[in-house]
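Asks:
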Amino acid sequence: MSALLYTLCLVPVALATVGVGRDPSGITELFGNSFGQPGVNASYDYIVVGGGTAGNAIAARLALDPANYSVAVIEAGSFYEILNSNRTQVPGYDFYSALANFVGGSFESLTNFGLQTEPQAGYNDRNILYVAGQTFGGSSASNYMGYSRATVGTFDEWSKTTGDDFWTWDNVYPAYKKSCNFTPPNYNKIDPSFNISYDPNAFESTGGPLHVSYGNYQGPYGPHLEESLDNLGFTRLPGLNSGKLIGYATITTAIDTEQATRSSSETSFLQLAAKNSSIKIYPQTLGTRILFDEQKRATGVEVQTNSLTSSFKYQLSATKEVILSAGAWHSPQLLLLSGIGPAATLQEHNIPVVVDLPGVGQGERDQPWMALSYKVNVTTGTQVAAGNAEFSAALVKEYLNNQTGLLSSIGGGQALAFEKFPESYRQKFSNSTREFLDTFPEDWPEVNYLSLEYGAFPEDVGPNDHYLTLGSALLTTSARGNVTIKSADISDPPVISPNWLLDEGDQEQAIAALERIREIAFNSDIVEEEYLPGPSVTTREEILDWLRNNMSLIYHAASSCKMGAANDSTAVVDSRARVRGVTGLRVVDASAFPFVPPGFPMATVYMFAEKIAASILSGN
């Protein structure tokens, strides 16, 4: 982005008083009261390690309970509003963090961990950048803000896998509703001809505090893709939040439409708790290991400042529980550093074994991603990404004055489609692939097709050229990844290997997804030509070779500390997220999911935090 555009986009806002204020009754309110004192040992009822999507949500629910529990939240980063200018707050700038092809190999950010995978054999031995949030809000502060829920059958499978009816659809649906408040499409700002379908019964007027909406803008490409999907036999759905995904709809987003800004777990749950409870926040603080007594009860966390200039350690004690919410890669890392995991791994790094738990870091699941690029005859976000200052200046004015236009939206997710591969594609699969796909619930889609206004375009893109990314995530792969440690030091990044595209069946699905994207693209009347992979890639061999060299990720890792039934020797936590072999310790984030659910996981992460918070508060 050009320096001129970046200056134009600095949004003027009236900041809250940082130092001190007084409430309506005259009581002095110190901003610093919401923060723990670094370097000073302290004790709380609950300590949450990780101020991300799940961490802030469960911390807020515990802190806001009438029992007035004391809660501390430890976060390796700080506040993105301070560290990242306006790039996190403005929805239209989400591509800076959310698209791997933009951050590339020169990733620089104060609000994200730039983790590198090990060389991935299925991706022709490429190391892939895996972005993870390092800020209050976590990945809800670095993702594309898409909010959609999994299917009814997903939770039939979840409850069966865990042996606990706590996770049936009827029991999780209210928790989905509890976390968010919904704003219907505002047709004073969105073109009313778009006629967005949604199910108002999927939300409650008393829900909150997360804002969920359709933003204040929809791109002109959407109706054209919808027409293509109609022609190909896809079913139009009333939204993606009522337990059905197979079909297509416009995705809801975590956007506050009044301000036209990102709604993250920090702006919603954490700020609510800071204003209405005694919660204590520890920014730039790393959990280095979980502490246990002789009875293997978690008694607290050893922490250190995440700073090059002032690095010191101290201890925070937990009288009730430690809740680990550090994400799919760092939660298993911290368990291992604390002596919980495969004994051989712990012994290799001279870490005393607390519990020999072989499943820690194993069985990780993900959704490998491909992105095709098309030149189109409608306006997209290409010129913003290309740094066209004149084009972008008009968008900035529209955003600041009316809270609408491209910058007020996520730049994607219209005509978002899910399906099981049609029979014409399925018949090309091997028998083993078809048999594997048949093990999933009937309403579990195998693939999705996602439109993005930002993406790949030629270096010599003209000022009037526009490109659209049509991507696909594979939702039923057999790939099982893993994460481990390279040392006993938290400052050494975890060793990550998602193991994408190794299995022949996964390759068959990837080829079919690419062919299906092309069918969707060229059935629309907006596509002029395919830029990537281009017309020279046609045979199955050429397609697979291109996929091996170009597929990436959509940041949907899960199950590296998976939940399971009592007889599942690979499970790390039980059906209420309690770590096996110890007491007083839970894992509450996507790493504890028994599998990665279809669709976009953010909504399910919030639901998961709501459910475990309710379980804790009910005495379980």
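According to mature numbering (1 follows the signal peptide of the UniProt record, and there is no 0), the stretch in the sequence shown is residues -16 to -1, 1 to 604, in order.
Glycine residues also receive a C-beta, built at the ideal position from the N, C-alpha and C atoms.
Could you give the C-beta distance for tyrosine 515 and lysine 359, rounded to a whole number, given that I count them as a contact under 8 Å?
Replies: 6 Å
Asks: Starting from the C-beta of glutamate 210, find all residues in its chain whose C-beta is less than 6 Å away, skip the five residues before and the five after it, and write them out in chain order.
Replies: Ala399
Asks: Identify, in the order they occur along the chain, each residue of the same chain with its Cβ nearer than 7 Å to the Cβ of leucine 341, setting aside the five sequence neighbours on each side.
Replies: Ile324, Gly325, Val556, Arg564 and Gly565
Asks: Taking 8 Å as the threshold (C-beta atoms), are glycine 489 and leucine 434 in contact?
Replies: no
Asks: Could you round the C-beta distance between glycine 36 and glycine 117 to whole angstroms and report it? I think they count as a contact, below 8 Å.
Replies: 6 Å
Asks: Using DSSP's beta-bridge definition, name the partner residues of methionine 354.
Replies: Checking the DSSP bridge columns, you'll see methionine 354 partnered with Ser456.
Asks: Using CA coordinates, which residue listed in Asp444, Gly34 and Leu308 is at the minimum distance from threonine 567?
Replies: Of Asp444, Gly34 and Leu308, the residue nearest in Cα terms is Leu308.
Asks: Looking at the secondary structure, which residues open and close the beta strand (DSSP E) in which phenylalanine 276 lies?
Replies: 269 to 276
Asks: How big is the Cα-Cα spacing for glycine 227 and threonine 588?
Replies: 12 Å
Asks: Let's test the definition: count the other Cβ atoms within 10 Å of the Cβ of valine 285 and tell me whether it reaches 16, buried, or not, exposed.
Replies: Buried: at least 16 other Cβ atoms inside 10 Å.
Asks: Among all the DSSP beta bridges, which residues are the ones paired with valine 557?
Replies: Met547 and Val563
Asks: Below 8 Å on the Cβ atoms is my contact criterion, and I expect proline 222 with aspartate 183 to pass it. Report the Cβ-Cβ distance as a whole number of Å.
Replies: So it is a contact: roughly 4 Å between Cβ atoms.
Asks: Are the Cβ atoms of phenylalanine 577 and methionine 547 separated by less than 8 Å?
Replies: In this structure, methionine 547 lies closer than 8 Å to phenylalanine 577 by Cβ.
Asks: So phenylalanine 506 is in the alpha helix (DSSP H); what residue range does that whole segment cover?
Replies: That run of the alpha helix (DSSP H) goes 488 to 506.
Asks: Flag this pair as yes or no: are the beta carbons of glycine 455 and tryptophan 353 separated by less than 8 Å?
Replies: Between glycine 455 and tryptophan 353, the C-beta spacing is below 8 Å.
Asks: Can you give the Cα-Cα distance for leucine 229 and threonine 460, rounded to whole angstroms?
Replies: 14 Å
Asks: Along the chain, where does the beta strand (DSSP E) containing alanine 302 start, and where does it finish?
Replies: Unbroken beta strand (DSSP E) run through alanine 302: 297 to 308.
Asks: Strictly by DSSP, which residues pair up with tyrosine 30?
Replies: Val55 and Glu305
Asks: With a threshold of 8 Å, are at least 3 pairs of Cβ atoms found where one atom belongs to the segment 303 to 317 and the other to the segment 535 to 547?
Replies: yes
Asks: State the Cα-Cα distance for the pair leucine -7 and threonine 366, rounded to the nearest angstrom.
Replies: Note on leucine -7: pLDDT 38, under 50, position unreliable in the model; no value is reported.
Asks: Sort out for me which residues DSSP pairs threonine 289 with in a bridge.
Replies: DSSP, once it has assigned bridges, lists Thr269 as partnering threonine 289.
Asks: Examine the Cβ distances between the segment 195 to 202 and the segment 236 to 243 and report whether three or more of them are shorter than 8 Å.
Replies: Touching, yes, given that three or more Cβ pairs across the two stretches are closer than 8 Å.
Asks: Looking at the unbroken alpha helix (DSSP H) that takes in serine 475, where does it start and where does it end?
Replies: Unbroken run through serine 475: none, as it is neither H nor E.
Asks: Return the residue from the list Ala401, Glu141, Val33 and Val521 that minimises the CA-CA distance to phenylalanine 273.
Replies: The sequence given here has arginine at residue 273, not phenylalanine. The shortest Cα separation from arginine 273 among Ala401, Glu141, Val33 and Val521 belongs to Val33.
Asks: Considering Cα atoms alone, identify which of Leu319, Gly345 and Gln346 is closest to proline 336.
Replies: Leu319
Asks: Could you check what DSSP says for arginine 110 in three-state terms: helix, strand or coil?
Replies: strand
Asks: Cβ of valine 571 within 8 Å of Cβ of phenylalanine 592?
Replies: No, the Cβ-Cβ distance between valine 571 and phenylalanine 592 is not below 8 Å.
Asks: Could you have a look at phenylalanine 86 and say whether DSSP puts it in helix, strand or coil?
Replies: Residue placement at phenylalanine 86 cannot be trusted, given a pLDDT of 47 that sits under 50; what the coordinates show is reported in the next sentence. Looking at phenylalanine 86 - three-state DSSP - the assignment turns out to be helix.
Asks: For a test of the three-state rule: what should DSSP assign to isoleucine 239, helix, strand or coil?
Replies: strand
Asks: So the candidates are Gln288, Val339 and Gln299; which of them puts its Cα closest to the Cα of glutamine 279?
Replies: Val339
Asks: Taking the alpha helix (DSSP H) that threonine 417 falls in, what are its first and last residues?
Replies: 415 to 421
Asks: Could I get the ranges of all uninterrupted beta strand (DSSP E) runs contained in the segment 419 to 445, with 3 residues as the minimum, in chain order?
Replies: As for any beta strand (DSSP E) of minimum length 3 sitting wholly inside the segment 419 to 445, the runs are 431 to 436, ordered along the chain.
Asks: Using a Cβ-Cβ cutoff of less than 8 Å, which residues in the same chain neighbour asparagine 96 once the five nearest sequence positions on both sides are dropped?
Replies: Excluding five sequence positions before and after asparagine 96, the CB atoms of its chain that fall closer than 8 Å to its own CB belong to Ser81, Val115, Ala116, Gly117, Gln118, Thr119 and Ser126, given in chain order.
Asks: Could you tell me which uninterrupted beta strand (DSSP E) segments, each at least 3 residues in length, are contained entirely in the segment 203 to 234, listed from first to last along the chain?
Replies: 231 to 233
Asks: Could you check the C-alpha separation between leucine -2 and isoleucine 66 for me, to the nearest Å?
Replies: Note that leucine -2 scores 34 on pLDDT, short of 50, meaning its location in the model is unreliable; the coordinates nonetheless yield the value given after this. Rounded to the nearest angstrom, the two C-alpha atoms are 11 Å apart.
Asks: Just the C-alpha distance for glutamate 242 and arginine 532, rounded to the nearest angstrom, thanks.
Replies: 43 Å
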